[in-house]
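Student: First residue of the sequence shown? That's 31 in the numbering used here, and the numbers climb one at a time after it. Every residue, glycine too, gets a C-beta built ideally from N, C-alpha and C.
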Amino acid sequence: MAKAKTRFVCQECGRVTAKEMGRCPSCGSFGTMVEEYLETETKGVHRHAVSVESKPRRLHEISGDAEKRMALPIGEFARVLGGGIVPASLVLIGGDPGIGKSTLMLQMALEMAKQETVLYVSGEESERQIKMRALRLLRENDGSMGKLPENLYLLTETNMDAILHHVGAITPDLLIVDSIQTIYLPELKSAAGSVTQVRECSSRLREVAKLSELAVFVIGHVTKEGEIAGPRVLEHIVDTVLYLEGDRYQAFRLLRSVKNRFGATSEVGVFEMVDRGLREVLNPSEAFLAERMVNAPGSAIAVTMEGTRPILVELQGLTSPTNFGNARRTPNGVDFNRLLLIVAVLTRRMGLKLGEQDIFVNVVGGMRVDEPAADLALAAAIASSLFDRSVYADVVLIGEVGLSGELRWVGQMNHRLREAQKLGFKRAVIPRKLGQGEPLPAGIEVIEARSLREALHHAILPKES
Ligand code: TYD
Ligand code: MG
31 MAKAKTRFVC QECGRVTAKE MGRCPSCGSF GTMVEEYLET ETKGVHRHAV SVESKPRRLH
91 EISGDAEKRM ALPIGEFARV LGGGIVPASL VLIGGDPGIG KSTLMLQMAL EMAKQETVLY
151 VSGEESERQI KMRALRLLRE NDGSMGKLPE NLYLLTETNM DAILHHVGAI TPDLLIVDSI
211 QTIYLPELKS AAGSVTQVRE CSSRLREVAK LSELAVFVIG HVTKEGEIAG PRVLEHIVDT
271 VLYLEGDRYQ AFRLLRSVKN RFGATSEVGV FEMVDRGLRE VLNPSEAFLA ERMVNAPGSA
331 IAVTMEGTRP ILVELQGLTS PTNFGNARRT PNGVDFNRLL LIVAVLTRRM GLKLGEQDIF
391 VNVVGGMRVD EPAADLALAA AIASSLFDRS VYADVVLIGE VGLSGELRWV GQMNHRLREA
451 QKLGFKRAVI PRKLGQGEPL PAGIEVIEAR SLREALHHAI LPKES
């Protein structure tokens with residue numbers, strides 16, 4: 031006999047309790063415990079039945095070959111995945127609405143369907159809308175139309191059981207679900223997008239992926255706080271979590287891996303949104319510096335590492351006398367607290383009068399720079415604006431700034447210097463190196479500085495006399 035069972039689930043953190051509670055015992059949020067019904071299976075033995083399909087194996091008997099991967103012709107995407115699509119895996123793609131998740135997935139589907147069978151399930155858009163988008167993505171440079179692949183199936187469906195039925199019928203190699211918040215399991219009484227639905231649907235997709243050797247990509251919406259909507263467990267259920275990010279009003283998009291069971295994290299793929307979808311940016315540094323105004327005060331070039339790849343970015347600072355009330359600090363692309371720290375060091379250790387200045391900071395191209403290695407460039411951009419003297423056009427700045435105004439060494443220095451040199455920079459201001467290590471690359475003049483003061487002295491043009 032089926033019996034309806036009820037439980038309470040926190041919509042914030044996913045904590046499950048048997049009793050109703052006004053406050054979640056895990057995350058402490060008030061009024062977030064929502065009642066859910068679930069049809070339990072017939073009480074009885076088979077809940078405790080032991081599965082005999084699994085069997086312990088000796089470690090040395092297990093093949094240690096790298097997983098087979100399906101080649102993905104979009105290089106920037108493949109890099110983030112760790113080199114192609116792994117069968118029997120579940121990948122979550124998160125990002126703000128309108129950032130380009132559906133576009134990226136459809137582009138991947140069109141590419142993969144040349145070799146494999148692909149099923150694209152959408153609970154968000156109509157067949158016609160998706161067809162129109164596909165045609166747009168297939169348009170060639172000369173205006174002619176690329177060929178629609180034979181083996182790309184489209185399904186507009188939100189019922190998980192129906193989706194699984196079609197997966198069984200078509201047996202695709204690749205399944206795309208757009209989005210996890212729109213699909214639901216009919217046996218659960220809660221609405222699509224609720225914590226329970228999101229969790230159960232993704233567990234189901236995971237099972238299918240593992241059992242049918244199927245690669246599954248699910249799109250997930252992101253909340254205002256920048257986290258993938260749904261319980262945190264969602265991130266534990268999937269093998270890989272990718273974020274597509276960028277400024278909606280700018281063309282660049284970064285695909286970043288934050289979790290990857292099959293490759294390195296913090297790899298980044300760079301794309302540009304054009305009228306025919308997302309185009310790979312093969313040389314991001316060049317693209318980010320393309321619109322740079324040389325010899326303009328308030329601009330400095332940092333070299334940050336994104337995964338294994340060094341990327342040059344322009345940091346801009348603008349100081350302007352405060353008109354009213356408290357001075358404002360407005361960072362765009364850098365961490366607020368990092369900015370406060372740099373401003374404090376410039377004020378206390380270098381005596382810069384920033385107390386009555388509004389300070390705006392921007393990373394050009396919609397990049398986010400969180401690495402301490404960009405501290406020096408950030409400080410230089412602000413100081414340069416305040417002095418109204420520009421940073422030398424052929425200089426990059428690399429280094430972390432400490433609380434006493436000292437410069438600290440950062441990793442991967444040679445990588446960074448070689449990239450700067452490749453892009454035509456002649457000099458680099460970097461921290462003083464302690465101890466031995468790989469010799470620094472030739473071809474770029476390295477100026478070592480012990481302190482922020484020393485570094486800025488070398489980087490910023492002297493006062494005209
Ligand atoms: P979309 O993939 O629908 O975003 P998401 O699924 O993350 O919500 O992308 C929507 C935006 O991308 C939309 O504002 C239009 C833009 N876009 C282009 O600029 N060029 C294109 O070729 C396509 C397909 C979309
Ligand atoms: Mg979409």
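So, at 6 Å on beta carbons, what are the nonlocal neighbours of residue 75 in its own chain, with the 5 sequence-adjacent residues on each side left out?
Tutor: Bear in mind that the predicted position of residue 75 carries a pLDDT of just 47, short of 50, making it unreliable; the figure below should be weighed with that in mind. Correct list: empty, nothing qualifies.
Student: Where does residue 75 sit, in a helix, a strand or coil, going by DSSP?
Tutor: With a pLDDT of 47 at residue 75, under the threshold of 50, the modelled position of that residue is not reliable, and the figure given next carries that caveat. Helix.
Student: Under a three-way DSSP split, which group does residue 306 fall into?
Tutor: Looking at residue 306 - three-state DSSP - the assignment turns out to be coil, as it is neither helix nor strand.
Student: Between the C-alpha atoms of residue 436 and residue 155, what's the straight-line distance to the nearest angstrom?
Tutor: Taking the straight line from one Cα to the other gives about 54 Å.
Student: Does the separation of the CB atoms of residue 285 and residue 264 fall below 7 Å?
Tutor: Against a cut-off of 7 Å, the Cβ pair of residue 264 and residue 285 comes out as no contact.
Student: What does DSSP give as the partner residue(s) for residue 335 in the beta ladder?
Tutor: In the DSSP output, where bridge partners are listed per residue, residue 335 has 340.
Student: On the three-pair Cβ rule with 8 Å, is the stretch 289-297 touching the stretch 111-130?
Tutor: The stretch 289-297 is in contact with the stretch 111-130.
Student: With distances taken Cα to Cα, identify the nearest neighbour of residue 65 among 42, 88, 37.
Tutor: Nearest C-alpha to residue 65: 37.
Student: With distances taken from CA atoms, which of 443, 91, 145 is nearest residue 102?
Tutor: Nearest option by C-alpha distance: 145.
Student: Spatial neighbours of residue 40 within its chain, please: CB distance less than 6 Å, with the 5 preceding and 5 following residues excluded, ordered by chain position.
Tutor: Hits under 6 Å: 54, 62, 63.
Student: In the DSSP assignment, what are the bridge partners of residue 189?
Tutor: Bridge partners of residue 189: 214.
Student: Hey, would you say residue 365 sits closer than 7 Å to residue 400, going by beta carbons?
Tutor: The answer is yes: Cβ separation under 7 Å.
Student: Can you tell me the Cβ-Cβ gap for residue 213 and residue 193, rounded? I've got them flagged as a contact below 8 Å.
Tutor: So it is a contact: roughly 7 Å between Cβ atoms.
Student: Which residues does DSSP list as the beta-bridge partners of residue 387?
Tutor: Per DSSP, 351.
Student: Whole-angstrom Cβ separation of residue 404 and residue 334, contact assumed at under 8 Å?
Tutor: Yes, residue 404 and residue 334 are in contact; Cβ-Cβ is about 6 Å, under 8 Å.
Student: Would you say residue 120 and residue 225 are within 7 Å of each other, going by their C-beta atoms?
Tutor: Contact: no.
Student: Rounding to the nearest angstrom, what Cα-Cα distance links residue 452 and residue 165 in this structure?
Tutor: In a straight line, the C-alpha of residue 452 is about 38 Å away from that of residue 165.
Student: Taking 6 Å as the cut-off, does the CB of residue 269 come closer than this to any heavy atom belonging to the ligand TYD?
Tutor: Result no, Cβ not under 6 Å from the ligand TYD.
Student: With distances taken from CA atoms, which of 191, 266, 148 is nearest residue 178?
Tutor: Looking at the Cα atoms, 148 is the closest of the given residues.
Student: Do residue 167 and residue 306 come within 7 Å of each other at the CB atom, strictly closer than that value?
Tutor: For residue 306 and residue 167, yes; Cβs fall inside 7 Å.
Student: Beta-carbon within less than 7 Å of residue 300's beta-carbon, same chain only, minus the 5 sequence neighbours each way: which residues are those?
Tutor: Cβ neighbours of residue 300 beyond the five flanking positions: 106, 282, 284, 311, 314.
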